[in-house]
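Heads up: the sequence shown begins at 320 in the working numbering, then just goes up one per residue.
Every residue gets a Cβ at the ideal spot worked out from N, C-alpha and C, and that includes glycine.
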Amino acid sequence: MLYIVGIGPGNRKYMTEIAKDVIDRSEIVIAGKRNMESLSENNKEKFYLSADLKEMKNYIIDNKQKDIVILASGDPSIYGIASYIKRELGNILDIEVISGISSIQYAFSAFKLDMNDVYISSSHGRNPNYNFIFMHDKIAMVTDKNIGPYEISQEIRKRNLNYNIYIGENLSYSNEILTITNSNEINRKDYDMAVIILMKIKD
């Protein structure tokens, strides 16, 4: 059995009990270095994720008779690894996805905002369709170092729009930073592991 387990935004306290149970019962754990470090010490077989997802796919196929768990940050179905795994291995293996608390959910709670009517998108490793995204009044986005809060704010300004921007960095970790600004005032800097919430300012 292959499990894709969401382990929450980062802090181990946000990992669900069912996630912990599946990890405990698994024979092999697949994860990136940061997610692997979030586990308590154990003697399970480990495979560290790299940019070469084909290598991971072949490893899973070679060990398909074992119970394997893939750890995913946040929720694996929100711009996570679940889509790739189901597409590449869904016709070979039984796959179960275990939901986790996403960094987007955490950000809304941290900023005391409701998630009603939110449009969820991402600039992490992709080129966003800004014209479509900015048709929405309330937006949540996972970002990366190439297209982060500042770059997104410039796209807002090009369209003569204005949004309040809520920026969450290192969410749930001890070095968490929460910033509230808007697309006309945002500072240009590197934002670390950022999730943003955009709230349109109407005339």
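Boundaries of the beta strand (DSSP E) around Glu364: 364-367. If you draw a straight line from the Cα of Phe427 to the Cα of Leu497, it is about 11 Å long. Remark: C-beta atoms of Arg344 and Asp386 approach each other more closely than 8 Å. Per DSSP, reduced to three states, the secondary structure at Lys508 is coil, with no helix or strand assignment. If the five residues before and after Lys464 are omitted, its C-beta is found closer than 7 Å to the C-beta atoms of Asp509, all from its own chain and listed in chain order. Spatial neighbours of Tyr403 in its own chain (CB-CB distance under 8 Å, excluding positions within 5 residues in sequence) are listed in chain order as Leu372. With distances taken between CA atoms, Tyr398 lies nearest to Arg445 out of Arg445, Asn479, Ser491. Per DSSP, reduced to three states, the secondary structure at Ala370 is coil, with no helix or strand assignment.
In the structure shown, the three-state DSSP call for Ser440 is strand. Taking the Cα positions, Ala370 is about 44 Å away from Asp522.
Note on Tyr322: 16 or more other CB atoms within 10 angstroms of its CB, so buried under the neighbour-count rule. Proximity to Gln384 across Met334, Ile347, Tyr469 peaks at Ile347, based on C-alpha coordinates. From the listed residues Gly325, Gly487, Val514, the smallest Cα separation to Asp394 is found for Gly325. Counted as a single uninterrupted DSSP element, the alpha helix (DSSP H) harbouring Tyr469 occupies residues 468-477. The Cβ neighbour count for Phe451, taken over all protein chains shown within 10 Å, is under 16; the residue is labelled exposed. Note that the C-beta distance between Thr462 and Ala513 is below 8 Å.
Within the same chain, Cβ atoms closer than 8 Å to the Cβ of Lys376 are found at Glu407, Leu408, the five residues on either side in sequence being excluded. When the beta-carbon positions are compared, Leu390 and Ile417 stay at least 8 Å from each other.
Counting every other CB atom within 10 Å of its CB across the protein chains shown gives Ile499 a total below 16, marking it as exposed. Apart from sequence neighbours up to five positions away, the residues of its chain that approach Ile475 with a beta-carbon distance below 6 Å are Tyr482, Ser502, ordered along the chain.
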